[in-house]
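J.: Numbering (numbering that gives the first Met the number 0), first residue to last: 0 to 541.
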Amino acid sequence: MTASRTIPRPEIIYHDEPEVLRQAAAEDFSLHIVPPTWRSTRFSLSMAWFGLMSAMFWVVVGSTVALTVGTINTLIGIALSSVVYGIMCNVAARFAARSGTSVALFSRAVFGQVGATFAALLFGVTITYYAIAEGSIVAIALQDYFGGPISMWYFIVCLYSAPLVMRGVRTWLDRINGILLPLYVFGLLACVVWAIVDHGYSGAWLTQLPTGTVALGVPGWWFAFTVYMGVWVVVMMTWDVARFGRKEDSAFNGNITFGIPFYIVTLLVNGAVGMFITFTIPIEGQLSETSAIIGIVALMGPFGVLLVWASQTRINTINFYLSSTNMQNFFARAFKISWPRTVWVIIMTVVIFLVMLTNVFSYLLLTLQFQGVIIVAWVGVALTHIAWCYIRGIKPDSLEFRPGRVPMINPGGLGAWIIASVVGCLMMIFGGSFGAIWAPPATLVIAVGIYVASLMVARRSWFVEERPHDPRKEVDDPWSARIRCHHCNQAYIAHEMDRDPSSNHEPICLACASDSAQFLMAARAEARTSSGSDIREGIVAE
Numbered sequence: 000m001t002a003s004r005t006i007p008r009p010e011i012i013y014h015d016e017p018e019v020l021r022q023a024a025a026e027d028f029s030l031h032i033v034p035p036t037w038r039s040t041r042f043s044l045s046m047a048w049f050g051l052m053s054a055m056f057w058v059v060v061g062s063t064v065a066l067t068v069g070t071i072n073t074l075i076g077i078a079l080s081s082v083v084y085g086i087m088c089n090v091a092a093r094f095a096a097r098s099g100t101s102v103a104l105f106s107r108a109v110f111g112q113v114g115a116t117f118a119a120l121l122f123g124v125t126i127t128y129y130a131i132a133e134g135s136i137v138a139i140a141l142q143d144y145f146g147g148p149i150s151m152w153y154f155i156v157c158l159y160s161a162p163l164v165m166r167g168v169r170t171w172l173d174r175i176n177g178i179l180l181p182l183y184v185f186g187l188l189a190c191v192v193w194a195i196v197d198h199g200y201s202g203a204w205l206t207q208l209p210t211g212t213v214a215l216g217v218p219g220w221w222f223a224f225t226v227y228m229g230v231w232v233v234v235m236m237t238w239d240v241a242r243f244g245r246k247e248d249s250a251f252n253g254n255i256t257f258g259i260p261f262y263i264v265t266l267l268v269n270g271a272v273g274m275f276i277t278f279t280i281p282i283e284g285q286l287s288e289t290s291a292i293i294g295i296v297a298l299m300g301p302f303g304v305l306l307v308w309a310s311q312t313r314i315n316t317i318n319f320y321l322s323s324t325n326m327q328n329f330f331a332r333a334f335k336i337s338w339p340r341t342v343w344v345i346i347m348t349v350v351i352f353l354v355m356l357t358n359v360f361s362y363l364l365l366t367l368q369f370q371g372v373i374i375v376a377w378v379g380v381a382l383t384h385i386a387w388c389y390i391r392g393i394k395p396d397s398l399e400f401r402p403g404r405v406p407m408i409n410p411g412g413l414g415a416w417i418i419a420s421v422v423g424c425l426m427m428i429f430g431g432s433f434g435a436i437w438a439p440p441a442t443l444v445i446a447v448g449i450y451v452a453s454l455m456v457a458r459r460s461w462f463v464e465e466r467p468h469d470p471r472k473e474v475d476d477p478w479s480a481r482i483r484c485h486h487c488n489q490a491y492i493a494h495e496m497d498r499d500p501s502s503n504h505e506p507i508c509l510a511c512a513s514d515s516a517q518f519l520m521a522a523r524a525e526a527r528t529s530s531g532s533d534i535r536e537g538i539v540a541e
């Protein structure tokens, strides 16, 4: 509770200042810990997150996999994926809400500062790809109905998407997604009923066989399951949205909002609808990855266009938002470029438009598999770390993520992530169809195995750099007390604050500490000379 008398006394308040709230309306504490006062209600959080449910991407992937292994195998693989997704995201959502960390901050605790920077880049690039894919689906629907060059529709989609994410999860994303939810639900039901009325119902779509003969060497359902492993980026997405949930709601949000029921609808129902539409509604030409989208527009006309627009606008609010926050985080940490998130929204919108001009669906499954192995490795290490914390009785809110108190590299976590990812990518490149199918599960096993082994010999210095003068100890409650930063002059919760040894140990916030080279150098020098006698809590139980 007391700090050394030789350091400046902190200015402590117990409320959010107007300027902090004004910035949070757009920035959403993207470079800070979300205070309890900015957390969302159950309903608000679910409305923001349920945008993922309406993604036509799930319709497209389900129908695409069915073209390769048939509908029965695809449905079995999706059902297994729904259970696995629900369990993983339940765990991730609870830990994120209780620790208050984003993917980047949690990665800093497990992989070190270098690993966290790469995690932000990986997440940002991956989610940008999904924004490209989802935006392309809208453009395809608009072009199919209205005609015109596809590039024009790409531009229009990007033009209207960017303004929708200028504000954050609590101030806008929950509202826009809540407004569009009924359009998606009723539109999808209407699409199925309309297809049955126009073309009749036949159970033949349930037993549809692959369109070609492909020697996979494994059961079709396992192939489908491994394809969906390539979309485990959803665990990262869960993390960055679930951190806005209230701690007291973590069980409900984990079980319901981010749990198995959500993924039964998101993966299984959407996938089944995609397969039904693909094999029920006749379209010109051969069946392809976009057959379901073209079929919806051909069947429902302007109402089909409205359904696709509503569903894709909902999911792309999440995609554009997470793309901007993670690229902002990466460039702030790697290059000390601290531009506002709204600027990164504009930058990433331009990038998304330019990449849209390529034929994104021509490499859909291949891209999912390659990016998947790296993300699967991250998920394996992350969930293993959470399990280890649970076994050791380490509370999520004791996680150390402050840049002046974590090392540059955590050899255990970063080593497990790199080795598993390299092995997975090599299997993809040189293993043929066998390697492509087995790379994700092999990557998971290697990542978990190496990290478990590393934890058996881990040192405290892998996770924490011992330094004196911890602001968390200077207040009665580090989650409610705010301490003013000497650098930006804003007050943030004490849980994220540190002392700046380069400036007479004045208090410094998380964002300013991450951006200051002088602070980081001074903090490392202080850690080398510190006994650490006043720091006994942390990521490694003593």
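Glycine included, every Cβ here is placed at the ideal spot set by N, Cα and C.
Would you report the Cα separation of Ile507 and Arg21, rounded to the nearest angstrom?
T.: Going from the Cα of Ile507 to the Cα of Arg21 covers about 20 Å.
J.: Can you tell me whether Gly258 is helix, strand or coil according to DSSP?
T.: In this structure, Gly258 counts as coil in the three-state DSSP scheme.
J.: Roughly how many angstroms lie between the CA atoms of Phe369 and Val64, to the nearest whole one?
T.: Computed Cα separation, rounded: 16 Å.
J.: Measure the C-alpha to C-alpha separation of Ser397 and Ser98 and round it to an integer number of angstroms.
T.: If I take the Cα positions, the gap works out to 7 Å.
J.: Is it buried or exposed, Gln517, if we count other Cβ atoms within 10 angstroms and call 16 or more buried?
T.: Classification for Gln517: exposed.
J.: Between the C-alpha atoms of Gly403 and Gly392, what's the straight-line distance to the nearest angstrom?
T.: The straight-line gap from Cα to Cα measures roughly 25 Å.
J.: Taking the straight line between their C-alpha atoms, what separation do you get for Ala291 and Asn318?
T.: So the alpha carbons of these two residues sit roughly 22 Å apart.
J.: Given 8 Å as the limit, is there contact between the region 374-392 and the region 100-110, that is, 3 or more CB pairs closer than that?
T.: With the cut-off at 8 Å, the region 374-392 and the region 100-110 touch.
J.: What separation, rounded to the nearest whole angstrom, lies between the Cα atoms of Leu286 and Ile32?
T.: In this predicted model, Leu286 has a pLDDT of only 48, less than 50, meaning its place in the structure is not dependable enough to derive any value.
J.: Quick check on this structure: which residue in Leu413, Trp437, Tyr389 and Ile345 has the alpha carbon closest to the alpha carbon of Gly371?
T.: The option with the nearest alpha carbon to Gly371 is Trp437.
J.: Tyr153 to Ala203, Cα distance in whole Å?
T.: Rounded to the nearest angstrom, the two C-alpha atoms are 36 Å apart.
J.: In three-state terms, what does DSSP make of Ile11?
T.: If DSSP states are grouped into helix, strand and coil, Ile11 belongs with the strands.
J.: May I ask you to report which of helix, strand or coil DSSP gives Arg16?
T.: Looking at the sequence shown, residue 16 is not Arg but Glu. Three-state result, Glu16: coil.
J.: Which residue or residues does DSSP assign as beta-bridge partners of Asp497?
T.: Its beta-bridge partners are Ile507.
J.: Which residues in the same chain have their Cβ closer than 6 Å to the Cβ of Gly186, if we skip the five residues on either side of it in sequence?
T.: Result list for Gly186: Leu306, in chain order.
J.: Of the choices Phe222, Gly50 and Thr36, whose alpha-carbon is the least far from that of Phe261?
T.: Nearest option by C-alpha distance: Gly50.
J.: If you measure between the beta carbons of Ile126 and Val354, is that distance less than 8 Å?
T.: No, these two residues do not count as a Cβ contact at 8 Å.
J.: Kindly indicate which three-state DSSP category Val539 falls into: helix, strand or coil?
T.: Confidence at Val539 is low in this model, with a pLDDT of 35, below 50, so the placement of that residue should be treated as unreliable; the coordinate-derived value is given next. Three-state result, Val539: coil.
J.: Suppose only complete runs of 4+ residues qualify. What are the alpha helix (DSSP H) ranges in the region 102-183, listed by chain order?
T.: Correct list: 102-145 and 149-163.
J.: The alpha helix (DSSP H) that contains Arg41, what's its start and end?
T.: Note, Arg41: alpha helix (DSSP H), Arg41 to Trp48.
J.: Between the Cα of Glu464 and those of Leu425, Met407, Gly448 and His486, spot the shortest distance and give me the residue it belongs to.
T.: Looking at the Cα atoms, Met407 is the closest of the given residues.
J.: Among Phe329, Met165, Val232 and Asn358, which one has its Cα closest to the Cα of Ile345?
T.: For the residues Phe329, Met165, Val232 and Asn358, the minimum Cα distance to Ile345 belongs to Met165.
J.: Which word fits Trp338, buried or exposed, when buried means at least 16 other C-beta atoms lie within 10 angstroms of its C-beta?
T.: Exposed, by the Cβ-count rule.
J.: Kindly list the residues whose CB is nearer than 8 Å to the CB of Phe302, restricted to its own chain and excluding five residues on each side of it in sequence; keep chain order.
T.: If we look at Phe302 and ignore the five residues flanking it on each side, its Cβ neighbours are Gly186 and Ala189.
J.: How is the beta strand (DSSP E) around Ile482 delimited, first residue to last?
T.: That run of the beta strand (DSSP E) goes Arg481 to Arg483.
J.: Using DSSP's beta-bridge definition, name the partner residues of Tyr491.
T.: Beta-bridge pairing links Tyr491 to Ile482.
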